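Colleague: The structure follows.
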Amino acid sequence: MSPKTELIFPAYLIASLRELRGEKWRRLVDRTAKLPETHPESLAFTLMMVELDGCMRCNSTSYKFLRGCAACAAQTVQSFKGTDEELLDMYEQAQRDLNSGVLHQIDWDAPRVRDIQLVDIERDSLSLVA
């Protein structure tokens, strides 16, 4: 077992993902990495990574678990087949999930279908506008 394996993606790893994608991704990482781990935007980033990485299905016998969270997260972000905008959409959806309090209703094994708008990364705040 890796000494750096967590139960779910830890917020302290956010900054390590900065250089894995394009400029919009880097700006999102830069913004959320400097926030406390309990800040809503940091929590949304963590939730997005939990979904993307499949943390809820990870266990002590899985290859991903044995490699550790840092390696798993880096590989997942780097090999994501979608665009940076799609990752930002996932982040925005995670914000909405947190804001609506429906996390207990999420089927973590089901593919997520989202009807979302693109994040305007140029704004000072990435918070959603209702």
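Residue 3 is where the sequence shown starts when you use the working numbering, and the numbers rise one by one after that. Note that CB positions come from ideal geometry on N, CA and C, so glycine has one too. This structure is a prediction, so every number in the text was calculated from the model and none was measured.
Which whole runs of the alpha helix (DSSP H) in the stretch 58-95 are 4 residues long or more, in chain order?
Modeller: 65-69 and 71-81
Colleague: Rounded to the nearest angstrom, how far is the Cβ of residue 75 from that of residue 15, given a contact under 8 Å?
Modeller: 6 Å
Colleague: Could you give the DSSP three-state label for residue 11: helix, strand or coil?
Modeller: coil
Colleague: Using 8 Å as the cut-off, can you tell me whether the stretch 51-59 makes contact with the stretch 75-95, which would need three or more C-beta pairs spanning the two stretches below that distance?
Modeller: Touching, per the Cβ criterion.
Colleague: Could you give the distance in angstroms between the alpha-carbon of residue 50 and the alpha-carbon of residue 93?
Modeller: If you draw a straight line from the Cα of residue 50 to the Cα of residue 93, it is about 6 Å long.
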